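See structure below.
Numbering (our numbering), first residue to last: 1 to 309.
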């Protein structure tokens, strides 16, 4: 439905689900989470790509008639991005299906370098046909102001609110035994909810910006840090988190406009050798129906008169 309403602009994300929700709140067995996820994925993709009704007899999903309507505009199906937190199985899943692997974390790009290196090492080990940066994505909190000092003055309250008050996730609650596989644990990958060694509550604005948790400052400072992120992680899809904590609407709009006007134009075409790689982006239709209006009573009366005449 969203793909049709937007004219083919849907980009789908398939997260496994956090352990705190899937396992603890909904009571699902941790060791079966990934198996259920795989089956659900297969059902959705088959529904997207099969033109006739079919029966689906899975282990966890048994449906006599599957017949989605409306069908997505994008064929064979909308592009898919997979949020990952370090599981080796997720690396392989993205490579096998040519999906973009996206690391979504609030720990920043510097801490993510080891995890993303693990992904690219896996791409190489699997002899994937290319190392396009658009095979990967990363989410980063960004705050832009006219100067570095103004950025701290405007945004430090909201950054501290988020990191010191909103990220208190008990480690045992965030990572149930069996949620991550033995293979993943053996790689040394940390849970995406694992806090820094000293915890978040003691991190200052300087700690958060220098550690890469938040990219903040003047347009030039943000540009330099964004280039460092893009090149060091080798990622072509950046999910820009422009709102953080209790930031009011006006500050968010101010930061977003500065980013769009003074930073974003300088970050284009950073991977010219992969400029034509559109596998991981939406493909909207060229022309869409424009907004219309309901006929007035006069229009209806004139149409009826013409028919009667």
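Quick reminder that beta carbons are idealized off the backbone N, C-alpha and C, glycines included. Note that this is a predicted model, so its numbers are computed, not measured.
Boundaries (first-last residue) of the alpha helix (DSSP H) holding residue i
i	result
residue 79	Per DSSP, residue 79 belongs to no alpha helix (DSSP H) and is neither H nor E.
residue 162	148-165
residue 113	113-125
residue 261	Looking at the DSSP string, residue 261 is not in any alpha helix (DSSP H), and its letter there is neither H nor E.
residue 293	Counting along the chain, residue 293 falls outside any alpha helix (DSSP H), and DSSP gives it neither H nor E.
residue 299	297-308
Which residues DSSP lists as bridging residue i, in chain order
i	result
residue 184	None; residue 184 has no bridge partner.
residue 101	82 and 136
residue 13	81
residue 237	137
Local conformation of residue i per DSSP, three classes
i	result
residue 244	coil
residue 41	helix
residue 64	strand
residue 143	strand
residue 280	coil
residue 5	helix
residue 269	coil
residue 106	coil
residue 232	helix
residue 48	helix
residue 202	coil
residue 175	coil
residue 131	coil
residue 72	coil
residue 18	coil
residue 287	coil
Sequence-distant residues of the same chain with beta carbon closer than 6 Å to residue i, five excluded per side
i	result
residue 31	178
residue 217	148 and 151
residue 104	83 and 139
residue 2	10
residue 55	64
residue 246	158 and 161
residue 12	78 and 80
Sequence-distant residues of the same chain with beta carbon closer than 8 Å to residue i, five excluded per side
i	result
residue 156	205
residue 48	68, 71, 72, 76, 77 and 78
residue 181	34, 87, 88 and 89
residue 269	275
residue 123	91, 95, 131 and 135
Residue interval of the beta strand (DSSP E) (run including residue i)
i	result
residue 55	54-57
residue 217	214-217
Residue i Cβ short of 6 Å to the ligand ZN heavy atom set
i	result
residue 96	Within the structure as shown, the ligand ZN is missing, as the structure has no ligands at all.
Beta-carbon contacts of residue i that lie in its chain and below 7 Å, excluding the five residues immediately before and after
i	result
residue 221	148
(Q) Counting beta carbon pairs with one atom in the region 168-186 and one in the region 227-241, are three or more of them shorter than 8 Å? (A) no
Q) Are the region 123-140 and the region 234-244 in contact at 8 Å, needing three or more beta carbon pairs? A) yes
(Q) With a threshold of 8 Å, are at least 3 pairs of Cβ atoms found where one atom belongs to the region 72-85 and the other to the region 98-118? (A) yes
Q) Is it true that the region 19-29 meets the region 291-309, where meeting means three or more beta-carbon pairs spaced less than 8 Å apart? A) no
**Q.** Sufficient close CB pairs (3 or more, under 8 Å) joining the region 243-251 to the region 279-295
**A.** no
Q: Determine, using beta-carbon pairs with one atom in the region 256-273 and one in the region 113-128, whether at least three such pairs fall under 8 Å.
A: no
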